[in-house]
Every structure is written in structure tokens, then in C-alpha cells.
Amino acid sequence: MKQGSLPFLPSNLKAPLRDVLRAVSGVAELSEQALEPVAQMLPEPLRKAVRDSLHSIKDATRRDYVSRMDRGKLAIASRFLQGQGDPAEGAAAAAKMLGFAWDYLCEHAAHTRGWMYSEASAAGALRKLGADPEPGRVYQAVMSGAIGHLPGAPLLAAQAGAAPPASLVAASILWLLTMRMETAEEELHLLDMALALGRAAHLDDLDQGDSDAMGARLRSLAQHL
Amino acid sequence: MTHRVPMFSDTLPLHKEAQRLRWFIRAFHLQMQATSEETGNTYNVSEEKLADVFAAWLNAFERQKPTEAEQNAAYVGFAAGLMLRELIRAEPVSVATLSKDADDADPAYFWPEGYLYVAFCLNVRGLVLNSDYQREQHPAQVLHELRTWWSFKENVGEDPSLAIPFLDLFSGDEPNWRFPQLFRARASGGDVDALPGASAHPVIEGN
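So the sequences go chain by chain: A and B. Using numbering that gives the first Met the number 0, read the first sequence as starting at 0 and increasing by one per residue. Using numbering that gives the first Met the number 0, read the second sequence as starting at 0 and increasing by one per residue.
This is how it looks when you write it as C-alpha cells:
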């Protein structure tokens, strides 16, 4: 299989299909790392074929986050976190944008391995919040219903500097809560800053079960992002 | 030191805008660019460390924020000193290349990172005081004196909180050397002793 022979994640793909691609891409990433010691024993043409196949699968969910960003959905997701707009539409947009943020942060900053975000599960969990999507409850709903270890993924030690899944979810909510920027490039930079600020402010140290405290901290930090 | 941090918002007063990480990072990059043009030095910066600086600053800033509005202008100077302290603690910047014309007797080359931090904090301090409180900042002559910078670098190396009174000194305000990290001590008149180590290095001759 030649690199790039799979289409990259189209924005109009339904949530469960995006989840499937996300999972396949995650497994490809882990497989490449797990196979590395064995790869040395393979002849170069075969090694290259395996490597190209895995890269093409990973590329299916990556590339060009600027053009992939749906700023209309971002605005709807942001309003949802403020308790505004249609709750069902807001929950779907928030689930989609949290998935976008998860993919971006995993690839660019977090070095998180072996974990998966399910957009379909997140949309379901967020819909149940109804018209009261308080940030602490959103955080808990996503953490308990939409984040899990990739089934069948080999157990690998976390890389140095890796952010735990909880940090990624908190950063993504922080990003949705704050004031919007003018361009997609600036939004991505803001997302990087949200992760850095959340980690520097030790959001991980908060009691994850205390949604009131988490919500208050997220709202307060969002004003300073 | 170049005064160039053009960072005004249409919607928020500058002292509020400056409490946002996005503003801080953008303003810091602008200052770095301006200082590079002024000195010929170039710098590397870690944005992760800048986020650490901002988070630590925000914690310290919130902890002592005065409740009385009439103390807000004084708190701007203190908050700028807190920022300088956190920059010195976290060291987010390193020199990439020193100017070919570097002269060690000039503070900009004696301690290039410290010079950048002081330039940033002084410029933000001056801008906020001017735009939100209609006050002028008049930096003191000691800002350009190597002996003061020598003392500054040595003292903050031992106690980063001394960055707060040193920034006051550079900005032409009265420093509080005894309880540098306490705004309350300053607000109540504080203590305006001589510079720490002044007996060993009698370098400050008024401002």
C-alpha cells in the first residue's frame, strides 16, 4: 500500500466512522513502535512496505489541522459550554471539536499513547447533560464515557513529558470555554496554550470526582487563557 | 530600553488584557523582537516555560490582589515585579547569539536574558500605568549602570523575590527591600532601606 492511499479524515464523516479511523490510526502508531525491534530482522523492501502501510493509516486522521478545523462547529461548541444554543446540536458540535482537539494534541504536544477518544460516546454522554452543560460535568461525562484504552493495544510505558488523557480533556474544554481567536492558525496556537496552562496550573491535581471544583477552576482559567 | 509592546484591545482595559496567557506570550515575543533589534542579541524561548511563568505569576497575583480600588495602580508595579521574579526563576529564555559588538560593560550584554526580562516588565508596567491609570513611568538612571546590574544579578540569584524591589528601583519608585514579596508591607508605607549588599557594593546613589 502506498503512503497516502487512504483519504484523510473528511469533515463530513459520521462520528462512529471517525472513531473507527481514530482507533485504527492509534493502533498503527502503537504497532510501529511495538514492531521496531523485530523490523531490524526484515529485509529493507519488506520493512519499507510495512512502514509505508502503517504511515498511510496514521495519515488518515492527520494532516492539515488548519483546513480541517470547522470554525462554525467550534462556535456552536463554545456556545454549548456557555449554556447557550440548542443543546442537542451543541452536544454534537462539542463532541466533534473535543475529538479534533484530542487528535491535534495527541499528535503535536501530548505524546499520549494507547488511549482513545470516542466522539460517538462523547456526543451521547453530552446529550444527557441537557441544557446544563456545566464545564465540570462536561469534563466528567467525557472522562467517564468517552475515553478508554485502545482495545488490544500493547502496553507501552508513557513517553517522557507525555500528558495524561485527563490533561488533554481538561485543555480541550478550557479551549472551548475561552474567547475565540480570528483565524484557525491562532486557534491551534491557543489550544497549545490551553494544554500548557492547564498543566502549569496543575489541573491534574484536582479531585477528578469533584465536578464543582473542576468546573470552577476551568472557568477561572479560561478567563486567563 | 525600547518601548514597543503595541498590545491594546478595543474591549478590555490593558491591565485586564495582560492577565491573559495569549496576550502575555504575544507581548513577550514582541519585546524579544524589539530587544533583538536594539542589541543585536538573538534569543531562544520555550513557550512551555512561558506558560509556567504565567501560571506561577497568576497564582501569586491573585493571592495578594487588593480589594480597594485605590490600591490598583500601586499593585500594577508590584505585579510587574512578581512577573520579573517568575521570569528569573523559570528562565524561559536563553541567548542564541550574542551581538558581534557586545560590550560587557553594557547591561544588555552583561546579562542579556535579565535585560530582556527587565525590558519586558518595565514596558508592560509603564504601558498599563499610562493607559489605565494615566500615570507616567520615569525609569531611573541606575537602569543603565553596570554596578547596579551586577548587584541585581547576584541578589536575585540568591533570592528571586528581590526582583520585585529591583524593578521598583529601575522604574524610579521606592523599593521595599525588607519584605519584597509582600504587597501589604508596601501599601502600608513599607521599608525603604538601602539596597541589599549596599555596604559591600555602594553603587546606588539615588535616582
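Even glycine gets a Cβ: it sits at the ideal position worked out from N, Cα and C.
Secondary structure in the segment 39–90 of chain B: the alpha helix (DSSP H) runs of 4 residues or longer, each lying completely within the stretch, are 46–63 and 71–89 in chain order. Here DSSP, grouped into helix, strand and coil, assigns GLY82/A to coil. Short of 7 Å from the beta carbon of LEU125/A, and not among the five residues preceding or following it, lie these beta carbons of its own chain, in chain order: ALA90, ALA93, ALA94, PRO132, VAL137 and ALA140.
Looking at the DSSP output, TYR116/A bridges to ILE146/A. TRP114/A and ASN40/B have their C-alpha atoms some 43 Å from each other.
DSSP places ALA170/A within a helical segment (H, G or I) once states are collapsed to three.
In this structure, ALA17/B is the residue among VAL117/B, GLN140/B, LEU128/B and ALA17/B with its C-alpha nearest to the C-alpha of ALA54/B. Taking 8 Å as the cut-off, the Cβ atoms of LEU166/B and VAL117/B count as close.
The beta carbon of PRO179/B is closer than 6 Å to those of SER160, LEU161, ILE163 and PRO164 in its chain, skipping five residues each way along the sequence. If you check the CB distance, LEU224/A and ALA193/A come in under 8 Å.
What ILE24/B touches in chain A, judged by beta-carbon distance under 8 Å, is MET192, going in chain order. Under the DSSP assignment, ALA199/A falls in the alpha helix (DSSP H) whose first and last residues are 183–199.
Judged by pairs of C-beta atoms under 8 Å, the segment 95–104 of chain A touches the segment 68–87 of chain A, as three or more such pairs exist. In terms of Cβ geometry, ALA107/B and ASN43/B do not form a close pair [threshold 8 Å].
Closest in C-alpha terms to SER24/A, from the list ALA199/A, LYS127/A, LYS47/A and TYR116/A, comes TYR116/A. Residue environment analysis places THR147/B among the buried positions, since at least 16 neighbouring C-beta atoms fall within 10 angstroms of its C-beta. DSSP places SER93/B in the strand class (E or B) of the three-state scheme.
At least one beta carbon of chain A lies nearer than 8 Å to the beta carbon of ALA50/B. Residue-level contact check: GLU16/B does not touch chain A, since none of the beta carbons of chain A fall below 8 Å from its beta carbon. Listed along the chain, the chain B residues whose CB falls inside 8 Å of the CB of LEU224/A are ARG19, LEU20 and ARG21. Here GLY160/A is exposed. Its C-beta has fewer than 16 other C-beta atoms within 10 Å.
A Cβ-Cβ distance of about 27 Å is found for the pair PHE151/B and PRO65/B, leaving them out of contact under the 8 Å criterion. Residue contact check for GLU47/B against chain A: a CB pair falls below 8 Å.
Counting only Cβ-Cβ distances below 8 Å, LEU189/A has contacts in chain B at ARG21, in chain order. Under the three-state reduction of DSSP, LYS72/A is assigned to helix. Going by DSSP, PHE169/B is part of the alpha helix (DSSP H) stretching over 162–170. Sorting SER98/B, LEU86/B and ALA101/B by C-alpha distance to the C-alpha of PHE27/B places LEU86/B at the top.
For MET180/A, same chain residues with a beta-carbon under 6 Å away, outside a window of 5 residues either side, are GLU186 and LEU189 in chain order. Here LYS48/B has ALA89 and PRO91 as same chain residues with Cβ atoms under 6 Å from its own Cβ, once five neighbours each way along the sequence are excluded. Here LEU97/B is near PRO111/B, since their CB atoms are less than 8 Å apart. Proximity to HIS201/A across VAL19/A, GLY208/A, ALA165/A and GLU88/A peaks at ALA165/A, based on C-alpha coordinates.
Using a CB distance below 7 Å, the part of the segment 55–88 of chain B facing chain A consists of LEU57, ordered along the chain.
Linking LEU128/B to GLY76/B through their CA atoms gives a straight-line distance of about 8 Å.
Not flagged as an interface residue toward chain B: LEU104/A, since no C-beta distance is shorter than 8 Å. Proximity of LEU196/A to chain B, defined by a Cβ-Cβ separation below 8 Å, is satisfied. Between the alpha carbons of ALA50/B and ARG25/B lies a distance of about 12 Å.
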